[in-house]
Each structure stands twice: as structure tokens, then as C-alpha cells.
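*Asks:*
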Amino acid sequence: MGYLLGFDIGGTKCAVVLGRESPRRPVILGREAFATADYPRPTAVLTALADRAGSLLERHGLGIAEVTAAGVSCGGPLDSRRGLVLGPPNLPGWTRVPVCREIERRLGVPARLQNDANACALAEWRWGAARGARNAIFLTFGTGLGAGLILDGRLYAGTNDLAGEVGHLRLRERGPTGYGKAGSFEGFCSGGGISRADARRRPAHEIFAAARAGEAAARRVVAQSARELGRGLALLVDTLNPEVIVIGSIFARQQRLLWPLARRELEREALPLARQVCRVVPAQLGERIGDFAALAVAADAVAVKN
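Basically our numbering = 1-based index in the sequence shown + 6.
(1) Among residues of its own chain, excluding the 5 on either side of residue 225, which ones have a beta-carbon nearer than 6 Å to its beta-carbon?
(2) With a CB to CB cut of under 6 Å and the five nearest residues on each side skipped, what residues in its chain are close to residue 182?
(3) If you draw a straight line from the C-alpha of residue 196 to the C-alpha of residue 209, how long is it?
(4) Provide the residue span of the beta strand (DSSP E) that contains residue 20, from first to last.
(5) Under the assumption that residue 33 contacts residue 135 (Cβ atoms under 8 Å), give the Cβ distance between them as a whole number of angstroms.
(6) So residue 21 and residue 39 are supposed to be a Cβ contact under 8 Å. How far apart are they, rounded?
(7) Judging by CA-CA distance, which residue of 26, 267 and 64 is the nearest neighbour of residue 235?
(8) Check for me: the beta strand (DSSP E) holding residue 38 runs from which residue to which?
(9) Using C-beta distances below 7 Å, list every residue in its chain close to residue 58, excluding the 5 sequence neighbours before and after it, in chain order.
(10) With distances taken from CA atoms, which of 83, 191, 251 and 221 is nearest residue 280?
(11) Residue 260 lies in the alpha helix (DSSP H); which residues open and close that run?
(12) Using a Cβ-Cβ cutoff of less than 6 Å, which residues in the same chain neighbour residue 80 once the five nearest sequence positions on both sides are dropped?
(13) Let's test the definition: count the other Cβ atoms within 10 Å of the Cβ of residue 278 and tell me whether it reaches 16, buried, or not, exposed.
(14) If you follow the beta strand (DSSP E) that residue 79 is in, where does it begin and where does it stop?
(15) Taking Cβ positions, are residue 272 and residue 239 nearer each other than 8 Å?
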């Protein structure tokens, strides 16, 4: 068994994770994180990531030669085949940044890049709630809404890494805005969209707390999100015929409030035969899914190579 490095690059924070390969899932040996804003340029961020990777290896008595691969998880758009970050909206200045080349140059280990939804899909498929499935979908349902697709036993990224951008689907002519589109799947089923649907613009976690306490306005917002989640799930079930849909973040924490209405809508809208073979479950990797996601990109690089 070798070792894997995972790099999670985000608009708020970046993290480096060191994992030891294991038959069930990697054992996370250490993690270091820092605020992205502390480093004004992409090159400075990548240098900081490489430095922290070196520190983690040294702390555990390891050399870079013992690392099999490095995986990078980052918001899109990106070019996974060439290892380029193309200018994510939450990373100003990150235009055509050759992330994989820079990590390989600094550390001397092969690196692979995937967008964060795809990386989470790989993690849940390899080690979480979608393990063993041949066709699976992962939905982020966090700050935004995106999907990672495992089709016919492999990650499907599309022609130019834009497969799975389901948050852009319009479910209603009117509704909260998400992904730049009113009434979109992301508008109804994301933290930002749920907040915008609330007259007081409260954060999503406050709205769910108020709904649990019985507040009528909050319950209406949650019910709307749940119903549109069901409609969106029905589109995915009918189009891709998956075995399992894994939903992370807000859904994983608020399943009791969201699932009854979502399930009713899904059963009403989806083709019965497609619906019957598909499970809808919360993400299993919990709050550490970002760490496992970056490691899953590295593990996928090893699997493809072998």
C-alpha cells in the first residue's frame, strides 16, 4: 500500500491531505489548511500547498517517493485532461492555471485534477454510499448545486468537463435565482437559493432551525425546496436511470425535513420502472468528504494507470 496526497482548492480555504491507501478507504494521516485570501496569486497558493505537503510527509517520516499520486479537487470550469483551472467564479485570477503541472514540478509526483462535484462522486462511489454501484449520481446540495456522474462504472465528465451541471436546469418559470437563472434547480436546492427564497434572507441553517420549531414561513421555504428537489431527482432518474443518487451537505443534515415531500414528488414524476431501481441516500463520508474527494482523484489516477 502506498500513500496519496489530496489538494482541495476553494475560494475560502485550501487544504492538503495525506492518506495511506487501504482496502476499504484511505486512512487520513494528516491535514493542513489555510485561508485562500492569505495568498494573493495562484502561484503563491500552489507553493503554499506544496510546502504543506512536504511538512506533512516529513512529520510522518515519509519521502515523496512513497507517494503514488496527487489529486486536486477544485471548482470549475476546468480542463481535467490538461490539468488547467480555467477561471472559477470563486477564485478570481485563476485563469488557465496549470495546476497539475505546477504540483508535479514542485513535488515530483503525478497529479490529476477534477472539479469538486466529480471528486465527491468518486469518493462516495469508491468508499461511501455509492460503493459497488455501476451507475451513480452525487449531488452537492451545498452553497450551490452540482452533480458528479458515475456511468457504466466510470466517471463521466463530458466533452469539456461540463457534464453534471444540473444546477442550471430550470425547474420553474419563477423562483429563487441560482446559477444565474431564476427557478433553477440550484435556486431551489442550495444554501444560497434557500436563503434567497426567505423574505428575511436568513442563512439556510437558520431557516431549517425555524422550520423544525414550527415557523410557518420557514416551513413554506423548506417545503418548496423539498418539492423541487423531488422534481429535479425525477429528471435525473428518467434521463440517466441510476442505481443510486447520493446527496451531500444540506440534504445529509436535513433529510428528515426534506425527504418526505421530495420522495412524494419523485414518485409522482419519475417513470415507475426507473424509480424502483434507484435509491436516494445521504452522503456517507460526512464533513470530511472534501478530504476524501481530493484523495479519490489521486486514487482514480492510480486505477486508470494500472
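Glycine included, every Cβ here is placed at the ideal spot set by N, Cα and C.
None of these values were measured; they are calculated from a predicted model.
*Replies:* According to the structure data:
(1) 217
(2) 193, 199, 202 and 203
(3) 11 Å
(4) 19-26 is the span of the beta strand (DSSP E), which, as asked, contains residue 20.
(5) Not quite, the Cβ-Cβ distance comes to about 19 Å (not below 8 Å), so this is no contact.
(6) About 4 Å separates the beta carbon of residue 21 from that of residue 39, a gap short enough to meet the 8 Å contact definition.
(7) 267
(8) In this chain, the beta strand (DSSP E) harbouring residue 38 covers 33-41.
(9) 22 and 38
(10) 251
(11) 255-275
(12) 15 and 91.
(13) exposed
(14) 73-80
(15) yes
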